[in-house]
Amino acid sequence: MAGLAALALWFVLYAVAFSGLQEDHSQHLLYTQLRSGLAQATIPFGGAIAPGTPIAFLDAGAIGLRAVVVEGTSSADLATGPGHLPDSPLPGQAGNSEIYGRSTMFGAPFGSVHELTKGAIIAVTTGQGTFDFRVIDVRGPGDPLPSAKRLGQSSLTLVTSAGSGWTSGWTNDHVIYADATLVAGKIQGTPPGRPTAVPAIDKPLAGDTGELVPVVLWLEALVLVSAGMAFAATRWTAWQVCVVGLPALLAVLWATTSAAMLLLPNLI
C-alpha cells in the first residue's frame, strides 16, 4: 500500500511539476531550431510538415505567453509546447489558423488563455513574417461562433481546455477558444499540399492510445528493476543498493510516467 501511495504521489508530482521541466527543456531546444531556421529561411510553411517541427513563435504579452509552436496537436506534440492543427492554415495565411495548447500539464502554456480580454494582441512569427492578431472574444461550449466578418480574411484561434466550479483547477473537461483577427501583416497565400484532415489523436481532448504498448513495456521494466533492487538488498548494504539501483529505478519510472501521461487528453 505504501508503494502504491508513493507511486500515485509521483504521478501527481510529475503531472504538475516535473512535466513542466520536460516541456521547458523541449522549448529551449525548439527555440534554437526555430531561430536558426528563421535566419536561414528554412522554416516550412506549406506542404506536409512533419509532426513536432517548429513552425512559429507565439507571443501573447497580455498573459505572459511566449512559446515555440510545433506542427501537430497530438498529446505527444503538445508535451513540447503549443501545436498547430495541421489541416488549418498557418498563422498569417488566408483562413482560420488553430493552435492548441495545454492548460495544466507540461508547463501549462495555455493555462491563462481564458484571461485574454477583447483587444489583446497576439503576435506570431512564422517563416512568412510576423503577424499581429487582435482578440475578439473567448468562448466556451454553447457560445456563438464569431461571424466571418469579425474574423476577417485571416484569423487565429487558440484552443485549450478548462473546467468549471470549484474543481476547475484540476478537472478540465471542456474546450475553450480564443478568437483573434489579423490587424498587422500582409495576408499570405496557403501553399498547396496541406493536409485536408487530421487523425483522431490530433483532435481536442484526445489521448494517444498508441502509447499504451510502451506504457506496458515500461511498467514491466519497472517491476524488473524493483525486483532486482529487492534481491540486491538481501546481499548488499543499503547504500550500495541505492547507488546502483536508484538511478536505474528513477530513469525507468520517469520513462513510464512520461509515456503514461500521453494517454491523457492532449489539452490538459
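To convert a position in the sequence shown, counted from 1, into the working numbering, add 593.
Glycine residues also receive a C-beta, built at the ideal position from the N, C-alpha and C atoms.
What you are looking at is a predicted structure, and each value in this text was computed from that prediction instead of being measured.
- The beta carbons of D725 and A777 sit about 4 Å from each other, so the pair counts as a contact at 8 Å.
- Three or more beta-carbon pairs separated by less than 8 Å are not found between the segment 775 to 791 and the segment 802 to 813, which leaves the two stretches without contact.
- Residue burial is scored here from C-beta neighbours: Q633 has fewer than 16 other C-beta atoms within 10 angstroms and is therefore classed as exposed.
- Counting the other CB atoms within 10 Å of its CB gives G722 a total below 16, which places it among the exposed residues.
- The beta carbon of T750 is closer than 8 Å to those of N689, S690, E691, I692, Y770, A771, D772, A773 in its chain, skipping five residues each way along the sequence.
- A distance of 8 Å or more separates the beta carbons of S619 and I861.
- In this structure, A669 lies away from D795, with their beta-carbon atoms at least 8 Å apart.
- The criterion of a C-beta distance shorter than 8 Å is not satisfied by T719 and F824.
- For H707 and I714, the gap between their C-alpha atoms comes out near 14 Å.
- Taking a 10 Å sphere around the C-beta of S629, we find fewer than 16 other C-beta atoms and assign the residue as exposed.
- By the 16-neighbour rule on beta-carbons within 10 angstroms, L775 is buried.
- Here L602 is exposed: its Cβ has fewer than 16 other Cβ atoms, across all protein chains shown, within 10 Å.
- Selection L744, V837, V662, A848 evaluated against T646 yields V662 as nearest (Cα-Cα).
- Residues of the same chain with a CB within less than 6 Å of the CB of V845, apart from the 5 flanking positions on each side, are A814, L815, V818 in chain order.
- Cβ neighbours of A641 within its own chain (closer than 7 Å, five residues either side excluded): G786, P788.
- CA-CA distance, V609 to A841, rounds to 23 Å.
- Under the DSSP assignment, S705 falls outside any alpha helix (DSSP H); it carries neither an H nor an E label.
- Residue environment analysis places W832 among the exposed positions, since fewer than 16 neighbouring C-beta atoms fall within 10 angstroms of its C-beta.
- Annotation: V717 to Q615 spans about 24 Å, alpha carbon to alpha carbon.
- DSSP, read as helix, strand or coil, puts V791 in coil.
- The Cβ atoms of T673 and L623 sit closer than 8 Å to each other.
- Residue burial is scored here from C-beta neighbours: G685 has at least 16 other C-beta atoms within 10 angstroms and is therefore classed as buried.
- Per DSSP, V837 is one residue of the alpha helix (DSSP H) stretching across 831 to 854.
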